[in-house]
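The sequence shown begins at 1 in our numbering and counts up one residue at a time.
C-beta: ideal position from N, C-alpha, C; glycine also.
Have a look at the structure below, then the notes.
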Amino acid sequence: MTIDGAFRVMATITTDTANAACAAQGLSSELGARLAELLTCAVLVRETTQPTRRVQLVWRDHHGGVMVADSLPDGKSRGIANPGKPQQVEAVGDHLLQVNYTLPNGSLHQGVVSIPAESDLSTALMQYMHTSEQTVSMVAIGAAPGHGAAAIRQVGGYLIQVLPEATGEGLAALSAKLGDMPAIDVLLTEAGADPRVIIARLLEGFPYAELAASELAFGCTCSEARIILGILSLGAEEVASMEAGDPLEVRCDACGTRYVIEPSSIRAMRELRARDAEPS
Ligand SMILES: [Zn+2]
1 MTIDGAFRVM ATITTDTANA ACAAQGLSSE LGARLAELLT CAVLVRETTQ
51 PTRRVQLVWR DHHGGVMVAD SLPDGKSRGI ANPGKPQQVE AVGDHLLQVN
101 YTLPNGSLHQ GVVSIPAESD LSTALMQYMH TSEQTVSMVA IGAAPGHGAA
151 AIRQVGGYLI QVLPEATGEG LAALSAKLGD MPAIDVLLTE AGADPRVIIA
201 RLLEGFPYAE LAASELAFGC TCSEARIILG ILSLGAEEVA SMEAGDPLEV
251 RCDACGTRYV IEPSSIRAMR ELRARDAEPS
């Protein structure tokens, strides 16, 4: 944050996290780059608005393409692109960006912004921050597709939040600075693995202090228990036929982990839940 309290800057490099997410799903570089940008966006939204909550972003294009990115309070992130469907998700064009998180009172915050044609994810995030979080911000996110084993060569981004202390003079100075900035891809190449380099470039000439830093990693929230709970949410008949059938093989779309669910485990969890539901 600048020491006059006018601007708060968040910068992140998410290359390793994104490559792990792409590898788990076997994504192409092109689709992987789109998912990598959404993962980066989820990290920036969580760190800016809800650092202690799980933030989920959903991006839909108008041809049925959909991507989901989750950023968790412990720094882990995961993403899914078009589960079961190999089609592309378009980088620009008529889109919807949806941001979900749970508020302290348990209610669900759901912000949806529609993104006009020729607009990208950075613009979408600025619009979301403005309409849903009542915050003026400048955002740049960029992913460069990789060659060979890694789907992504580099991905990262920054978000500058304009705080109420900002003066017209300060804003003019910042605008001039941003006007001189190289494109995000160039900035990311300069930064390598260190997001502090991006912040130093953005805030050159503005006295500032680093308030926090946190590690990011690829990680999933799936577990055998969660999968069984998902099965139990199906119709009673379907659950009964699974309890009577063979072990079920389930693969997590996000991380690729394979689970073998025994019919006896489904039965045990169902009975446990029925007992919990009984009035005491
Ligand atoms: Zn998983």
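A residue is called buried once 16 or more other Cβ atoms fall within 10 Å of its Cβ, and Ile141 is buried on that count.
With a cut-off of 7 Å, the C-beta of Cys22 is classified as distant from ligand 1, since no heavy atom of the ligand falls inside that distance. The set of residues whose C-beta lies within less than 6 Å of a heavy atom of ligand 1 reads, in chain order, Cys220, Cys222, Cys252, Ala254, Cys255, Thr257.
Separation of the CB atoms of Ile199 and Val9 is rounded to 5 Å, and the pair is thereby assigned contact status at 8 Å.
Excluding its 5 nearest sequence neighbours in each direction, Glu204 has C-beta neighbours in its own chain below 8 Å: Lys177, listed in chain order. Around the beta carbon of Leu234, a 10 Å sphere encloses fewer than 16 other beta carbons of the protein chains shown; the residue is thus reported as exposed. Asn100: member of the beta strand (DSSP E) spanning 95–102, first to last residue. A residue is called buried when at least 16 other Cβ atoms come within 10 angstroms of its Cβ; Arg60 meets this threshold and is buried.
The beta carbon of Leu39 sits closer than 7 Å to the beta carbons of Thr14, Thr17, Ala18, Ala21, Ala69, Ser77, Gly79 from its chain, once the five residues preceding and following it are set aside; these are given in chain order. One alpha carbon belongs to Ala236, the other to Gln56, and they sit about 30 Å apart. Here Thr49 is not near Gly156, since their CB atoms are 8 Å or more apart. When secondary structure is reduced to three states using DSSP, Leu44 falls in the helix class. By the Cβ test, the region 92–104 is in contact with the region 112–119, since at least three Cβ pairs between them sit closer than 8 Å. Leaving aside the five residues that flank Val250 on each side, the residues in its chain whose CB is nearer than 7 Å to its CB run, in chain order, Ile227, Tyr259, Ile261. For Ala140, DSSP records a beta bridge to Tyr158. Here the region 175–191 does not lie against the region 212–221, with fewer than 3 beta-carbon pairs under 8 Å apart. In this structure, DSSP gives Gly79 an extended state, which the three-state scheme calls strand.
For Ala144, same chain residues with a beta-carbon under 6 Å away, outside a window of 5 residues either side, are Arg153, Gln154, Asp185 in chain order.
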